[in-house]
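A.B. asks: Here the sequence shown stands for residues 0 to 588, numbered as in numbering that gives the first Met the number 0.
Using N, Cα and C, we set each Cβ at its ideal position, and we do this for glycine too.
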Amino acid sequence: MAKIALDSPLPKRSAPRSSLLRSFTFLKKYRHLAVSVYLLALLTNGLAVLIPQTIRWVVDAGIVQRDTQILINSLLILLLLSAIKAPIDFLLGRWTEVASQGVAYDIRNAIYSKLSSLSFSYHDQAQTGQLLARSISDVERIRFLTGRAILRLFQHSSLMLLTFLALALMNARLALLAMLLMPLMGYVAFRFGRIFRPLSLDLQHQLAEMTTVLEQNLRGAKIVKAFAQEEAEIERFSAQNRAWFGLAQKQVAAQTRHIPLLDFIASLSTVIILWLGGRFVIENSLTIGELVAFTTYLGQLVAPVRRLGIIIPAVAMASAAGERVYTILDAQSEVTDAPGARPLPPIQGRVRFENVSFSYFNQRQVLRKLSFNAEPGEVVALLGATGSGKSTIINLIPRFYDVSGGKITVDGCDIREATLNSLRDQIGIVLQETVLFAASIRENIAFGLSNVSEAQIIEAARAAQAHDFITAMPQGYDTEVGERGLTLSGGQKQRIAIARALLKDPRVLLLDDATSSVDTETERLIQLALERLMVGRTSFIIAQRLSTVRMADKVLVLQGGRIAAAGTHEELLRTSGLYAEIYYRNLRE
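(1) Assuming A373 is part of the alpha helix (DSSP H), what are its boundary residues?
(2) Keeping to the same chain, check which residues put their C-beta closer than 6 Å to that of F352; ignore five residues upstream and five downstream.
(3) Let me know the secondary structure DSSP gives L598 once reduced to three states.
(4) For Q589, which residues of its own chain have a beta-carbon under 8 Å away from its beta-carbon, when the five flanking residues on both sides are left out?
(5) Buried or exposed: where does F293 fall if 16 or more other Cβ atoms within 10 Å of its Cβ makes it buried?
(6) Sort N44, S538, A40, I457 by Cα distance to M375 and report the nearest one.
(7) Could you check whether the segment 229-243 touches the segment 150-167, counting it as contact only if at least three pairs of C-beta atoms, one from each stretch, sit closer than 8 Å?
(8) Tell me the rounded alpha-carbon separation between Y296 and W94.
(9) Quick one: is Q331 buried, meaning 16 or more other Cβ sit within 10 Å of its Cβ, or exposed?
(10) Can you give me the start and stop residues for the beta strand (DSSP E) that Q611 sits inside?
(11) Thinking L501 and G447 are a contact (beta carbons under 8 Å), I'd like their distance in whole angstroms, please.
(12) Distance check for Q362 and L144, CA to CA, integer angstroms please.
(13) Which ranges would you report for the alpha helix (DSSP H) in the segment 222-302 if only whole runs of at least 4 residues count?
(14) Look up M0 in the DSSP assignment and say whether it is helix, strand or coil.
(15) For H31, count the other beta carbons within 10 Å of its own beta carbon; 16 or more makes it buried, fewer makes it exposed. Which is it?
(16) Starting from the C-beta of V291, find all residues in its chain whose C-beta is less than 7 Å away, skip the five residues before and the five after it, and write them out in chain order.
(17) Would you report the Cα separation of A459 and G560, rounded to the nearest angstrom?
(18) Straight-line CA distance for I82 to G92?
(19) Sort out for me which residues DSSP pairs G427 with in a bridge.
(20) Among N450, L572, G411, R147, which has the Cα closest to the Cα of A313?
(21) Tell me R561's beta-bridge partners as DSSP assigns them.
(22) If L382 and V554 are in contact, beta carbons under 8 Å, what's the gap, nearest whole angstrom?
(23) Is it true that the segment 267-278 meets the segment 129-143, where meeting means three or more beta-carbon pairs spaced less than 8 Å apart?
(24) Helix, strand or coil for E398? Go by DSSP, reduced to three states.
(25) Roughly how many angstroms separate the alpha carbons of Q250 and A320, rounded to a whole number?
Below you can see the structure in the form of structure tokens.
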């Protein structure tokens with residue numbers, strides 16, 4: 000398995016074009032809005048070119064000629080042009096945001112769908128803070144790119160072209176002088192973008208690192224306080240924050256060097272036009288109105304070039320963000336439906352391991368040519384030291400991971416030939432780390448199931464010995480459990496998780512340390528319920544207590560990824576020295 004290095008710099012820094020183009024493929028769904036926006040941009044540019052000509056008419060025909068009627072008419076036309084332009088600008092902004100927000104909506108959905116479909120091996124190595132940063136801030140930068148950034152680039156470019164044509168028609172010599180410094184402005188803006196882009200990528204990466212540290216500290220707040228590590232963790236966060244601050248300072252330095260230079264070049268252009276244009280007016284080769292129009296046009300010409308200093312960095316940041324987002328969207332799940340995979344029909348629950356080997360990330364081998372059978376309705380207890388492979392067996396049956404060698408069959412069908420959904424729909428699981436969602440107890444028990452009645456939820460809760468403590472709560476089954484179920488005790492969370500698995504009524508039941516967090520009395524009641532409810536189901540239980548081992552039809556003692564002994568509790572006490580050692584050290588009550 001290849002290592003997914005989410006915490007390392009991206010390797011595609013040299014090819015921003017592909018990520019930019021790919022971002023715009025998300026606009027296909029909103030192409031009608033996008034086309035309308037660009038047509039409106041051309042229309043508003045046309046009006047922007049007409050306004051200076053109207054001002055020229057106001058000055059030359061109205062003010063200079065002292066013609067009040069022309070002055071009034073020209074001002075009314077100027078007012079009309081502005082009145083027409085205002086709603087167009089409104090629609091331009093609104094439709095741009097609708098389309099770009101739609102792109103962000105689709106990308107976030109695509110990221111969530113991808114993260115939901117990726118196998119456990121991806122999430123084992125991915126950093127939550129990195130994923131959060133990419134799903135939120137990076138997507139926001141792509142949204143700005145597909146919306147205002149490229150629109151402004153198109154709008155300013157077309158306005159520059161129309162403005163230059165208008166200037167050339169008025170006075171070709173002055174138009175050429177006006178354009179004299181534009182290539183220099185363009186060069187400075189382009190150089191700014193080349194410097195700014197790698198800084199943007201580093202800054203976004205560092206922001207994700209800082210988010211990761213913050214997320215880990217919030218999630219592990221109790222452990223941090225329990226070990227009195229507040230100061231150390233504050234310093235760790237401060238180190239990441241300092242690194243981010245240093246990169247931000249470099250960005251600011253790049254901006255403060257280039258933006259004032261762009262402003263100076265723009266001001267120099269204005270000075271040149273006023274000096275030469277003023278001389279032309281004195282020589283009567285240019286009217287005052289034309290000079291006013293010229294300076295107005297120059298503002299329209301200079302402003303777009305100057306704004307490249309803002310747009311180019313935005314495009315650079317969006318390019319870097321796109322690279323980071325698409326590494327998620329392009330990630331390949333190591334566990335997928337095989338070509339031609341077929342739905343698994345209702346199963347009886349016969350599970351067979353045939354020479355199964357497995358290693359995490361092609362490193363330490365956890366299982367070594369493991370073979371055993373579990374017949375329908377059998378309860379199989381898995382026993383062994385930490386790292387012997389118990390949890391791995393539990394994780395391989397629903398294909399959270401795929402075997403490295405050999406195969407696992409259910410009712411004779413290789414599970415890799417069945418669709419994932421049809422396999423997992425018939426398996427109930429209670430993981431070692433109980434996971435509850437920030438929702439009501441009712442919603443947690445019924446998670447993943449539709450059309451479940453209240454009576455069924457209560458029946459499952461009773462079977463898991465959870466009904467009494469649930470009804471004792473002020474809001475009963477409507478009680479919110481809080482983030483990760485923090486408002487409940489470990490035993491309560493475990494019983495809700497068991498109720499959730501039981502409500503699913505699976506043919507195969509996987510219990511990973513399912514009773515490790517409950518007291519002896521509660522465990523006894525749960526064991527009684529499980530004995531009744533596991534009838535007809537193939538059940539795998541990671542054993543930690545004698546009561547679990549005694550109720551098993553088969554006990555598998557694992558050592559070094561192999562089955563060291565197999566049999567019932569009584570048989571193993573007589574025949575296996577390893578089992579006897581485990582029994583007398585850990586299981587005997």
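C.D. replies: Per the coordinate set shown:
(1) On the sequence shown, residue 373 is found 374 positions in, with the first residue counted as 1. First-last for A373: 364-373, but that is the beta strand (DSSP E), not the alpha helix (DSSP H).
(2) On the sequence shown, residue 352 is found 353 positions in, with the first residue counted as 1. Correct list, in chain order: L369, S370, F371, I407.
(3) An answer regarding residue 598 cannot be provided, because it is not within the stretch 0 to 588 covered by the chain.
(4) This structure leaves residue 589 out entirely; the chain is present only between 0 and 588.
(5) Along the sequence shown, one-based indexing puts residue 293 at 294. F293 comes out buried.
(6) Here residue 375 is taken as the residue at index 376 of the sequence shown, counted from 1. At residue 375 the sequence reads Pro, which differs from the Met that was named. Residue S538 is the option with its Cα nearest to P375.
(7) no
(8) On the sequence shown, residue 296 is found 297 positions in, with the first residue counted as 1. On the sequence shown, residue 94 is found 95 positions in, with the first residue counted as 1. Y296 and W94: Cα-Cα distance of roughly 27 Å.
(9) The residue you call residue 331 lines up with position 332 of the sequence shown. It is exposed - the Cβ of Q331 has fewer than 16 other Cβ atoms within 10 Å.
(10) Nothing in the structure corresponds to residue 611, since the chain is present only between 0 and 588.
(11) Taking the first residue of the sequence shown as position 1, residue 501 is located at position 502. Taking the first residue of the sequence shown as position 1, residue 447 is located at position 448. Not quite, the Cβ-Cβ distance comes to about 13 Å (not below 8 Å), so this is no contact.
(12) On the sequence shown, residue 144 is found 145 positions in, with the first residue counted as 1. On the sequence shown, residue 362 is found 363 positions in, with the first residue counted as 1. Answer to the nearest angstrom: the Cα atoms are 42 Å apart.
(13) Unbroken alpha helix (DSSP H) stretches of 4 residues or longer found wholly inside the segment 222-302: 229-281, given in chain order.
(14) Residue mapping note: residue 0 aligns to position 1 of the sequence shown, counting from 1. Caution applies to M0, whose pLDDT of 35 falls short of 50 and renders its modelled position unreliable; the value that the coordinates give is listed next. Reduced to three states, the DSSP call for M0 is coil.
(15) On the sequence shown, residue 31 is found 32 positions in, with the first residue counted as 1. Answer is exposed; the Cβ neighbour count stays below 16.
(16) If you number the sequence shown from 1, residue 291 lands on position 292. So the list reads I54, R55, V58, once near-sequence residues are dropped.
(17) Within the sequence shown, numbered from 1, the residue matching residue 459 stands at position 460. Within the sequence shown, numbered from 1, the residue matching residue 560 stands at position 561. The straight-line gap from Cα to Cα measures roughly 35 Å.
(18) On the sequence shown, residue 82 is found 83 positions in, with the first residue counted as 1. On the sequence shown, residue 92 is found 93 positions in, with the first residue counted as 1. Note on identity: in this sequence residue 82 is Ala, with Ile being the wrong assignment. Straight through space, the alpha carbons of G92 and A82 are spaced by roughly 16 Å.
(19) As a working note, residue 427 is residue 428 in the sequence shown. G427 is bridged to L508.
(20) The sequence position of residue 313 within the sequence shown is 314, counting from 1. Ranking N450, L572, G411, R147 by Cα distance to A313 puts R147 first.
(21) Taking the sequence shown and counting its residues from 1, one reaches residue 561 at position 562. Beta-bridge pairing links R561 to Q558.
(22) The residue given as residue 382 occupies position 383 in the sequence shown. The residue given as residue 554 occupies position 555 in the sequence shown. Confirmed, about 6 Å.
(23) Between the segment 267-278 and the segment 129-143 there are fewer than three inter-stretch CB-CB distances shorter than 8 Å, so the stretches are not counted as touching.
(24) Your numbering for residue 398 matches position 399 in the sequence shown. This sequence places Arg at residue 398; Glu is not what is there. In this structure, R398 counts as coil in the three-state DSSP scheme.
(25) One-based indexing of the sequence shown puts residue 250 at position 251. One-based indexing of the sequence shown puts residue 320 at position 321. About 16 Å.
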